[in-house]
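S.K.: FYI, in my numbering the residues of the sequence shown are 0 to 645.
My questions all concern the structure below.
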Amino acid sequence: MDRLAHLNPAQRDAASTLSGPLLVLAGAGTGKTRVITHRMVELIKSGIAPDRILSVTFTNKAAKEMAERTQELLGKRQKRKPMISTFHSYCVKVLRQEIEALGYPKHFTIYDRGDQESAARKALRDVRIPDSSMKPGDLLNAVSGWKMHSIAPDEAADHTENDLDFLAAVAYRKYQNNLQACGAVDFDDLLLLTNRLFDEHPAALDRQQNRFDHVQIDEYQDTNGSQFDLIEALVRKHNNICVVGDDDQSIYGWRGAEVTHILNFGQYFKGAKTIRLEENYRCTDRILDLANRLVKHNKGRHDKELRANKTSVSDVRFREFDDEQVEAEYIAREIQFMINKKDVPPQDICILFRTNEQPRIFESELRRHEIRYVMMGSQSFFDKREIRDILAYLKVLENPRDENSLLRIINVPSRGIGDSTIEKVLKRAVREGVPIWDAAPGAHADGEITDKAIKALNRFSVLLDTYRKKLKSSPKDLPTILENLLHEIDYDSEIRKQYKKEEMQIAKTEIVDQMVDSLREYVARSDKPSLQGYLEETLLNGPDLGDDKEKLMNEQAVKLMTLHSAKGLEFPRVYMVGMEEGLLPHKRAVDEEGSAIDEERRLCYVGITRAKDHLTLTRAAARKKWGKKRLSIPSRFIREMRGKDE
């Protein structure tokens, strides 16, 4: 039986090329997941042990889908499986085994964004940089940029352009030292430290290189410097690397992605074979004609052209309105007509924006026309205050050195450890270079804190020790132990204190119950449940799980989202709004020109190729700015995609 009979010739070629460097250029809607999963199956059928294959992607959702599809194709359950993982999950596995060589504890904590902001605030305070000069978020952006390019704290000063950058470099060193002292790492560290481990400890690199004979990378156009270094090191011995991606969909330059990795693949990996997947199964021919014409204006790209597998039933529409109010009114009215008179399911419709400010007026109009809608990319479940509190308790139970989490919950709910006590103990801990718990007795002996305060601190310390022991001895009882802890500390009193209305209290209590349920689900599906395993899964999966993206996508409602959020999705009907200079392309890119405009063009291309059957592009002739109407200029992309020079 020909396992690849249902693939088109280019897909077949990619799935059956099993050795050496391979670049699969997979345009939008050309079936890249199908190719990468079939290729894994072909490797296994050719005699490669499944666990000798590493397949890396960017989201847990993509990794899960790939694992399920591969399992489906292989049929019977295999004991040995390919490692299908995100970059960060793979790095966590390596570091759990090897990180002690770098001076970190094996049970390190992974900081999320909230934890990082607290650590950044502390670092800025330690090096006496006032909030007016640099915000914690500004420092984190600078630190993340350095880490994504594999720049260590002691090298950062060499990569600064002004005094503010230099201050950030000084704070970066402090931030990193503070994290290490707490036995913690941030997301960028997972890659940075794995690369450092490979550089400084050849035996550790050797162990990882010897684990895999084949490495596959999905969404290769999104890789940053750190990820490239990691991949290059892993495949150095055998060069059996297959990367799948599309340079025309490289839209994450602002977060470190380097399109040059996919453009210059053949230079980095000599003798590479390139296969182009150009048959598109998503969009109609007229939609693809626009997309192809538009993206050809980018000079630095692989030459390719998408071919449509289906014919258009309607033309692509371009609409101009007097202002943004009329634009929103028209679209809301048309959507209402489509749903009520033409029986179009609301979930088939999507409105795409360039910026987060644009949706407000559309939300108002959709509400006015009584149209159900969901805004994708809203607050993550794991960003909610109550969840952050509970996670902080769990992090402190797992890692007693995690002072960041400890400071969040030391008096939540209130237990008589006031701000003054915390401040005095903290100052002493910093002065003596010891953990908070070790500084407290001295602070009490010297009369810095009261008898009442030291008793409260001791009681809290005993409580944490007690639950730490319970969790260690009965990991399968994690949900019950958490419920008991929440009951013992009377977390309900914290909810009552924060929210006066009864309906809010009920809603927040339900959120806490959902947290316990998520722990219950984790224990049920895990062979070896542990608190560390749960925290890892939560922190690494948070961006995927957080805004209930899948749940929202399935809702019978019109979808509103930014162009960046839309990547990887598709809808029968798409409205791309605000097609004006300053919006798309964004003003920042217009000011910079060059590669910034190229990325905006790719973003526009991504938006166009989300539409399966119907696409409407709209713009406002004038827009309100600071209370006054100002004329707008049509986006250059409209002219480019229509092939008109006027």
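C-beta: ideal position from N, C-alpha, C; glycine also.
It should be emphasised that the depicted structure is a prediction, and the values quoted were computed from it without experimental measurement.
Roughly how many angstroms separate the alpha carbons of residue 196 and residue 214, rounded to a whole number?
M.R.: Each residue's alpha carbon lies about 19 Å from the other.
S.K.: Taking contact to mean at least 3 C-beta pairs separated by less than 8 Å, is the stretch 62-71 in contact with the stretch 92-101?
M.R.: Because the criterion of three Cβ pairs below 8 Å is not met, the stretch 62-71 and the stretch 92-101 do not touch.
S.K.: Counting C-beta neighbours from all protein chains within 10 Å, is the total for residue 503 16 or more, i.e. buried, or is it exposed?
M.R.: Answer is exposed; the Cβ neighbour count stays below 16.
S.K.: Give the C-beta separation of residue 27 and residue 281 to the nearest angstrom, bearing in mind that I take them to be a contact with Cβ-Cβ under 8 Å.
M.R.: Confirmed, Cβ separation roughly 7 Å.
S.K.: Leaving out five residues before and five after residue 3 in sequence, what residues of the same chain have Cβ atoms less than 7 Å from its Cβ?
M.R.: Correct list, in chain order: 11, 14, 15, 37.
S.K.: Mark residue 209 as exposed unless 16 or more other C-beta atoms lie within 10 angstroms of its C-beta, in which case mark it buried.
M.R.: The residue in question, residue 209, is exposed, as its Cβ has fewer than 16 Cβ neighbours within 10 Å.
S.K.: Could you say if the stretch 394-411 and the stretch 421-440 meet the contact criterion of at least three C-beta pairs nearer than 8 Å?
M.R.: Yes: at least three Cβ pairs fall under 8 Å.
S.K.: Using 8 Å as the Cβ pair cut-off and three pairs as the minimum, do the stretch 274-293 and the stretch 307-321 touch?
M.R.: Flag = yes, the stretch 274-293 and the stretch 307-321 touch.
S.K.: Short check: CB of residue 562 to CB of residue 466, under 7 Å?
M.R.: Cβ distance not < 7 Å, so residue 562 and residue 466 don't count as in contact.
S.K.: Measuring only the C-alpha atoms, how far is residue 595 from residue 471?
M.R.: Cα to Cα, the separation comes out at about 51 Å.
S.K.: Where residue 222 and residue 420 are concerned, what is the direct C-alpha to C-alpha distance, given to the nearest angstrom?
M.R.: Computed Cα separation, rounded: 46 Å.
S.K.: Taking only the alpha-carbon atoms, compute the straight-line gap between residue 584 and residue 608 and give it to the nearest angstrom.
M.R.: Looking at the two C-alpha atoms, the distance is approximately 17 Å.
S.K.: Kindly identify the DSSP beta-bridge partner or partners of residue 573.
M.R.: Answer is 349, 614.
S.K.: Could you tell me the alpha carbon to alpha carbon distance between residue 646 and residue 586, rounded to whole angstroms?
M.R.: Because the chain spans 0 through 645 in this model, residue 646 falls outside it and cannot be assessed.
S.K.: Does chain C have any CB closer than 7 Å to the CB of residue 429?
M.R.: In the displayed structure, chain C is absent; only one protein chain is listed.
S.K.: Which partner residues does residue 141 have in the DSSP bridge list?
M.R.: In the DSSP output, where bridge partners are listed per residue, residue 141 has none listed.
S.K.: Where does residue 602 land, buried or exposed, given buried means 16+ other C-beta within 10 angstroms?
M.R.: Residue 602 comes out buried.
S.K.: I think residue 110 touches residue 185, with their Cβ atoms under 8 Å apart; what is that distance to the nearest whole Å?
M.R.: That pair is a contact at about 5 Å.
S.K.: Rounded to whole angstroms, what is the Cα-Cα separation between residue 341 and residue 220?
M.R.: Distance between the alpha carbons of residue 341 and residue 220: 40 Å.
S.K.: Measuring straight from C-alpha to C-alpha, what distance separates residue 88 and residue 481?
M.R.: Roughly 25 Å separates the two Cα atoms.
S.K.: Can you list, in chain order, the residues of its chain with a C-beta nearer than 6 Å to that of residue 50? Leave out the 5 residues immediately preceding and following it.
M.R.: Contacts found: 79.
S.K.: Take residue 604 as the anchor and find which of 407, 507, 578 has the nearest alpha-carbon.
M.R.: With distances taken between Cα atoms, residue 604 lies closest to 578.
S.K.: Applying the 10 Å Cβ sphere with the 16-neighbour rule, what's the burial state of residue 542?
M.R.: Any reading at residue 542 needs caution, since the residue's pLDDT is 48, under 50, leaving its predicted position unreliable; the model's value is listed next. Buried.
S.K.: Within the continuous beta strand (DSSP E) that includes residue 319, where are the two ends?
M.R.: Per DSSP, residue 319 belongs to the beta strand (DSSP E) from 316-322.
S.K.: Spell out the partners DSSP gives residue 55 in its beta bridges.
M.R.: Residue 55 pairs with 84, 216.
S.K.: Relative to the alpha-carbon of residue 334, which residue among 315, 367, 312, 227 has its alpha-carbon at the smallest distance?
M.R.: Comparing Cα-Cα distances from residue 334 to each of 315, 367, 312, 227, the minimum goes to 367.
S.K.: Please go through the same chain and pick out, in chain order, the residues whose beta-carbon is closer than 8 Å to the beta-carbon of residue 187, but skip the five residues on each side of it.
M.R.: Result list for residue 187: 142, 143, 146, 147, 225, in chain order.
S.K.: In the structure shown, what three-state DSSP assignment does residue 222 receive?
M.R.: In this structure, residue 222 counts as coil in the three-state DSSP scheme.
S.K.: Please report how far the alpha carbon of residue 33 lies from the alpha carbon of residue 48, in whole angstroms.
M.R.: Approximately 21 Å, taken between the alpha carbons.
S.K.: Between the stretch 15-25 and the stretch 263-272, can you find at least three pairs of beta-carbon atoms closer than 8 Å?
M.R.: Touching, yes.
S.K.: For residue 22, which of helix, strand or coil comes out of DSSP?
M.R.: Residue state, collapsed to three classes: strand.
S.K.: I need the DSSP call for residue 589, collapsed to helix, strand or coil.
M.R.: Of the three classes helix, strand and coil, the one that applies to residue 589 here is helix, per DSSP.
S.K.: Which of the three DSSP states is assigned to residue 240 in this structure?
M.R.: Residue 240: strand per DSSP, three-state reduction.
S.K.: So what does DSSP say about residue 374, is it helix, strand or coil?
M.R.: Residue 374: strand per DSSP, three-state reduction.
S.K.: Which of the three DSSP states, helix, strand or coil, is assigned to residue 457?
M.R.: Here residue 457 sits in helix by DSSP.
S.K.: I need the boundaries of the alpha helix (DSSP H) containing residue 110, first residue and last residue.
M.R.: First-last for residue 110: undefined, no H or E at that position.
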